[in-house]
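Colleague: Structure in structure tokens, see below.
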Amino acid sequence: MHGYSPVGRALAVTVSIAALIACTKERQDQASRSVLSSPTTTATVEVSAPVASILDETAVPDSALRIPAWNLIMEGLSKRAWVGDLRQVPATVITNGTLRNVPYISFQFSFAYELNIYGELEKPAGFEIGFRPHVGGDHTSAKSNCVGFIESMLNRGGDKEIIRSLKWTEDLVKNDGVAFEVTPPTAADAEGGWWISVYDERAVEMSRASQAEMEAITQTVPSAPVEVPVIPRPLPNDGPITFTNTQGRVFSNVTLKPAPNGLYWFNEKGGGLIRATDVPPDLARRFGVDQESAKAYDRAKQASDERYAAAMTSASARLASQESQATPRNNVNWTSDELRFLPTYSSTRGHSSGGPVWVGGYYRSNGTYVRGHYRSR
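All the letters of the sequence shown, read from the start, carry residue numbers 1375 to 1751 under the numbering used here.
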């Protein structure tokens, strides 16, 4: 039911915003999607140009809406002090449960948190926030962060009261067509995460795409621009430490894990990413952080993001032009970059091609690191 899990899904796909808008306008203006990624290093969230350009799109605030527009949700999230390293990630196809075949966009941040927004861009069918615990404990602070954020995004006082009243162990309350739900990590569809969700049941049904439409708006995930060498894990007896990064920020009582582009840090209050260039030299040596490779990765990633943004802008303009002229989509002369980042189209419906799916690097539950790789669909 929830979010992006490299090992928890049989099929990982991405949905481009242009393709999704084309689909949803034919189905009561349903949902959207694009794959963008830009890591940050501080609590003040910075986003890449593609994400920033989308956040700048105007959505008229409507106090009557029980679930706010997606860019207002993202704006509210970015202002939270505990949010860092905000990036959009590929959304996996949901094949069962309440949210099956409902297109959505997904964001990860602060090492363990995730936000998913379902349905139409300006009038979402629902949204949820949660986290996947990486250490023991009840994670009261993380749960409080999630509940407080959801409450702050709701417009009706009654809805806010329901959110505050939910049991954090597991709960479901329905009121006037809207469901308020807490899903524990032990639930079958939780993928090991704790989630708090709000969704309009009727809007969810209206947003649900057919199998053919899901195939039309999905595509395989392109590989990362640079293959970063696997970084060895720290020894099991490495415990929490306190240190200051090269930017002068103090990290107190945190546990560190290697990341492809630096070090992950986390404690009972949250977590995030310390970019390789901000890691102190002694910790870089201790954890095997290759700062030169990280700089090369950043340069290649920036170039890839710029190409992605240009391709999305160009392809969206082409689609808009073709549809305004009632010209079949297969007459569009796609560039190689547009074909790389967007689905190909037939004269009636788009369809994604088969082939391998890129799975990003991740940690298994036993602590071993698995580098990014392709697997068959």
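C-beta atoms are modelled at their ideal positions from N, C-alpha and C, and glycine is treated no differently.
Given a cut-off of 8 angstroms, decide if residue 1463 and residue 1481 are closer than it, judged by their beta-carbon atoms.
Modeller: Yes, Cβ-Cβ distance for residue 1481 and residue 1463 is below 8 angstroms.
Colleague: Which ranges does the beta strand (DSSP E) cover as unbroken runs of at least 3 residues, wholly within the region 1635-1666, from first to last along the chain?
Modeller: Those beta strand (DSSP E) runs which fall completely within the region 1635-1666 and span 3+ residues are 1636-1641, 1644-1649.
Colleague: Rounded to the nearest angstrom, what separates residue 1546 and residue 1554 at their Cα positions?
Modeller: When rounded, the distance between both Cα atoms is 6 angstroms.
Colleague: Specify the secondary structure class of residue 1451 as computed by DSSP and reduced to three states.
Modeller: Of the three classes helix, strand and coil, the one that applies to residue 1451 here is helix, per DSSP.
Colleague: Is DSSP giving residue 1485 helix, strand or coil here?
Modeller: If DSSP states are grouped into helix, strand and coil, residue 1485 belongs with coil.
Colleague: Excluding the 5 residues preceding and the 5 following residue 1626 in the sequence, name in chain order all residues of the same chain whose CB lies nearer than 6 angstroms to its CB.
Modeller: Closer than 6 angstroms at Cβ, skipping near neighbours: 1616.
Colleague: Which residue comes first and which comes last in the beta strand (DSSP E) that contains residue 1461?
Modeller: Residues 1461-1463.
Colleague: For residue 1490, name the three-state secondary structure that DSSP assigns.
Modeller: If DSSP states are grouped into helix, strand and coil, residue 1490 belongs with the strands.
Colleague: Which of helix, strand or coil does DSSP assign to residue 1675?
Modeller: Looking at residue 1675 - three-state DSSP - the assignment turns out to be helix.
Colleague: Can you check which of these residues, 1484, 1636, 1440, 1495, is closest to residue 1550 by C-alpha distance?
Modeller: Of the candidates 1484, 1636, 1440, 1495, the one whose C-alpha sits nearest the C-alpha of residue 1550 is 1440.
Colleague: If you count every other CB in all the chains shown that lies within 10 Å of the CB of residue 1398, and 16 or more means buried, which is it?
Modeller: Residue placement at residue 1398 is flagged as unreliable, the pLDDT there being 44, under the threshold of 50; the coordinate-derived value follows with that caveat. Looking at its Cβ environment, which holds 16 or more other Cβ atoms inside 10 Å, residue 1398 is buried.
Colleague: Among 1486, 1514, 1500, whose alpha-carbon lies nearest the alpha-carbon of residue 1507?
Modeller: Here the closest residue by C-alpha is 1486.
Colleague: State the DSSP-derived secondary structure class of residue 1496, mapped to helix, strand or coil.
Modeller: Three-state result, residue 1496: coil.
Colleague: Put residue 1615 into one of helix, strand or coil per three-state DSSP.
Modeller: Strand, per DSSP.
Colleague: By the three-class DSSP mapping on this structure, what secondary structure does residue 1541 have?
Modeller: DSSP places residue 1541 in coil when its eight states are reduced to three.
Colleague: Quick one: grab the DSSP three-state call for residue 1533.
Modeller: The answer is helix: DSSP assigns residue 1533 an H, G or I state.
Colleague: Strictly under 8 angstroms for the Cβ-Cβ distance: is residue 1675 near chain D by that measure?
Modeller: In the structure shown, chain D does not exist; there is a single protein chain.
Colleague: Per DSSP, residue 1633 is paired with what?
Modeller: BP columns for residue 1633 point to 1636.
Colleague: Looking only at its chain, what residues have a beta carbon closer than 7 angstroms to the beta carbon of residue 1484, apart from the 5 residues adjacent to it on each side?
Modeller: Only 1456, 1457, 1458, 1459, 1644, 1645, 1646 meet the Cβ criterion.
Colleague: Would residue 1619 pass as a contact of residue 1653 if the rule is Cβ separation under 8 angstroms?
Modeller: Yes; because the gap between Cβ atoms is below 8 angstroms, this pair is in contact.
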